[in-house]
Structures are given as structure tokens and as C-alpha cells.
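**Q** The structure under discussion is supplied below as C-alpha cells; questions concerning it will follow.
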Amino acid sequence: MYQKILATMDTSAASDRVFATALNLAKLNNSYLKLMHVLSPEEGEIPVKFGAISREFNKELIAEYQQKWKDFDQKCLEMLQSRANEATTAGINTEFIQTEGVPGKQICKVAQEWGAELIVMGRRGHSVFSEMVIGSVSSYVIHRAKCSVLVVQQ
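Heads up, the sequence shown is in full-length UniProt numbering, so the first residue is 1 and it goes up one at a time.
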């Protein structure tokens, strides 16, 4: 049914359910699986930009931020690699990608460029007010993706 499944990952525990769901669907459909993570300020663990905490641009702050960013980037790549290895071991043709930017836009872009037939993603469970004010990634993707979207609840 779905030959190409794009699964969006992050560092949250809810991402485990997204991965498990995408992996099961890929097994059932003998699909290709692409795991994706978007580095974004919206993610909870991402290092705070130095300009947000101080107007002083000193070399130490910049170096500290750059190191934290590099560490976070590496941690996320390792998470993707680990999950890709797990899927490959399960017999699923798997690849992964990490991008940077606005998550909803990046997810839709990668899905369209890769030719995904299904996007599997989670939702953070923002309040209705929060979603009205800042929006939600899942809502953005549901309304703009050119393929089917499965939202896994927490």
C-alpha cells in the first residue's frame, strides 16, 4: 500500500511510538523507510542561542553555544543512526536525514522531494490556545503535505 514511508523523529519519548508505528507499517507493506529529524529552536533540548540570553557577544559565549549545538547535532544523528540500524536489522530498507529549519516546512519539503506516500509523525499535545497562537507542526503538515499523514498520539 505505502512504498515510501517518512517517519519524523525527535529526542522525546513520544518519538519511540512514532518509530515503532512506522517500522510496523514498513514491515507490513515491505516499504522503504526514511527517518527524519529537524534541528529547530522548537525542540526542547536544543541549546539556547547566545543572543537570547545575553546581548554581549563574547568569544566564550559563542564558543560554548557552538559546542552545545555541535553536541546536540551529533546526539540527534546518533539517534537516527541507531533507529536506522534497528530497522535495517528488521529487514527494512532504511535511510535517514537531518535538516535544520522550520519543522513543518522541512518535513513537507523532504516528503515531496523523496516521493513519500505516507508521513508518520507525533504530536506534542499543545493546548488549543497554544496551537492557535503558535501553531503546531502536525497541523501544518496535515494541511500542506502532498501525501497521507498518520499522527501518532502520545
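We treat Cβ as the ideally placed atom computed from N, Cα and C, and that holds for glycine.
(1) Below 8 Å between beta carbons: does that hold for Thr-94 and Leu-35?
(2) Considering only residues of the same chain and omitting the five flanking positions on each side of Ile-142, which have a CB-CB separation below 6 Å?
(3) Comparing C-alpha positions only, which one of Ser-138, Pro-103, Ala-116 sits nearest to Ser-40?
(4) Spell out the partners DSSP gives Val-149 in its beta bridges.
(5) Measuring alpha carbon to alpha carbon, tell me which residue in Asn-29, Ala-14, Ala-13, Thr-11 is nearest Met-118.
(6) For Ala-7, which residues does DSSP report across the bridge?
(7) What residue does the beta strand (DSSP E) around Cys-142 start on, and which one ends it?
(8) My parser needs the alpha helix (DSSP H) runs of 4 or more residues fully inside the stretch 56 to 112; what are they?
(9) Quick one: using the 10 Å Cβ neighbour count with 16 as the cut-off for buried, is Ile-107 buried or exposed?
(10) Quick one: grab the DSSP three-state call for residue 164.
(11) With distances taken from CA atoms, which of Trp-114, Thr-89, Arg-83, Val-137 is nearest Arg-123?
(12) Taking all protein chains shown into account, do 16 or more other C-beta atoms lie within 10 angstroms of the C-beta of Thr-88, making it buried, or fewer, making it exposed?
(13) Once you ignore the five residues that flank Gly-151 on each side, which residues in its own chain have a CB closer than 8 Å to its CB?
(14) Assuming Val-110 and Ile-92 make a contact with CB atoms under 8 Å, what is their CB distance in whole Å?
(15) Between the beta-carbon of Tyr-2 and the beta-carbon of Leu-25, is there less than 8 Å?
(16) Taking just the CA atoms, how far does Ala-14 sit from Gln-67?
**A** Reading from the atomic positions:
(1) yes
(2) Val-149
(3) Pro-103
(4) Ile-119
(5) Note on identity: in this sequence residue 118 is Leu, with Met being the wrong assignment. The shortest Cα separation from Leu-118 among Asn-29, Ala-14, Ala-13, Thr-11 belongs to Asn-29.
(6) Leu-35, Val-120
(7) Just to set this straight, residue 142 is Ile in the shown sequence, not Cys. Here Ile-142 belongs to no beta strand (DSSP E); instead the alpha helix (DSSP H) covers 137 to 144.
(8) 59 to 89
(9) buried
(10) Lying before the first or after the last residue shown, residue 164 is absent from the chain, which here runs from 1 to 154.
(11) Val-137
(12) exposed
(13) First, the amino acid is wrong: residue 151 is Val here, not Gly. Within the same chain, Val-151 has close Cβ partners Met-121, Gly-122, Arg-123, Ser-138, Ile-142.
(14) Actually they do not touch by this definition, with Cβ atoms about 18 Å apart.
(15) yes
(16) 27 Å
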